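In terms of numbering that gives the first Met the number 0, the sequence shown opens at residue 0 and continues consecutively.
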Amino acid sequence: MSDPFSGALADALILTALALTVLMATAVVLTRNPARQAIVLSGYGMVLGVLFLILQAPDVAMSQIGVGTVVVPLIVVLALHATRRHREGGDTGEEDRRPDRDGDADGAGTGTASDTASGTVREDAR
């Protein structure tokens, strides 16, 4: 009895899966928007999992599909969300409103003695 994954048809299937993997990897690299890149990365993980399945490595394929298709893109999306939230003003969305040494709350004062000593006072306050 012959192996079902031998011969010209199996070679064509493997070459097709490799070509699709190369195309998806190129698509991941060329995608500029990080949120879209996470989605394309998920597709790349799925294609890579299918390639491993075709190459008769079902345990590696299951791991790749689980991690490369779900976990890694999820972590990327969560990191993007946290970064954007941090850029927009942190968890509360408000700026720090503690009064400076001169008592104003807008942060335009002269700063504290420790700020002056460390050199972190803004130019407009000097």
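Every residue, glycine too, gets a C-beta built ideally from N, C-alpha and C.
On a predicted model such as this, the values are computed, not experimentally measured, just so you know.
| field | Reduced DSSP category for residue 41 - H, G, I as helix; E, B as strand; rest coil | value | Start at 1 with the first residue of the sequence shown, and residue 41 comes out as number 42. DSSP places residue 41 in helix when its eight states are reduced to three.
| task | Give a yes or no on contact between the segment 62-74 and the segment 44-52, applying the rule of three or more CB pairs nearer than 8 Å. | result | Judged by pairs of C-beta atoms under 8 Å, the segment 62-74 touches the segment 44-52, as three or more such pairs exist.
| query | Just how far apart, CA to CA, sit residue 54 and residue 28? | reply | Taking the sequence shown and counting its residues from 1, one reaches residue 54 at position 55. Taking the sequence shown and counting its residues from 1, one reaches residue 28 at position 29. The alpha-carbon atoms of residue 54 and residue 28 are separated by roughly 25 Å.
| alpha helix (DSSP H) runs wholly inside the segment 42-90, at least 4 long, in chain order | If we require 4 residues or more, the alpha helix (DSSP H) runs fully inside the segment 42-90 come out as 57-65 and 71-86.
| Counting Cβ pairs closer than 8 Å, one from the segment 14-22 and one from the segment 32-40, do we hit at least three? | no
| said: Can you give me the C-alpha to C-alpha distance between residue 20 and residue 5, rounded to a whole angstrom? | reply: Locating residue 20 in the sequence shown gives position 21, where the first residue counts as 1. Locating residue 5 in the sequence shown gives position 6, where the first residue counts as 1. Going from the Cα of residue 20 to the Cα of residue 5 covers about 21 Å.
| In whole angstroms, what separates the C-alpha of residue 72 from that of residue 56? | As a first step, residue 72 must be located in the sequence shown, where it is residue number 73. As a first step, residue 56 must be located in the sequence shown, where it is residue number 57. About 23 Å.
| Is the CB-CB distance between residue 61 and residue 43 below 7 Å? | As a working note, residue 61 is residue 62 in the sequence shown. As a working note, residue 43 is residue 44 in the sequence shown. In this structure, residue 43 does not lie closer than 7 Å to residue 61 by Cβ.
| Endpoints, alpha helix (DSSP H) assigned at residue 25 | Taking the sequence shown and counting its residues from 1, the one referred to as residue 25 is at position 26. Its alpha helix (DSSP H) spans residues 7-29.
| query | Using a Cβ-Cβ cut-off of 8 Å (strictly less than) and excluding sequence neighbours within five positions of residue 64, which residues of its own chain qualify? | reply | Translated into positions along the sequence shown, residue 64 becomes position 65. Once the five neighbours on either side are set aside, the close Cβ partners of residue 64 are 44, 45 and 48.
| field | Contacting residues, own chain, Cβ-Cβ under 8 Å from residue 18 (five flanking each side not counted) | value | The sequence position of residue 18 within the sequence shown is 19, counting from 1. Same-chain partners within the cutoff: there are none.
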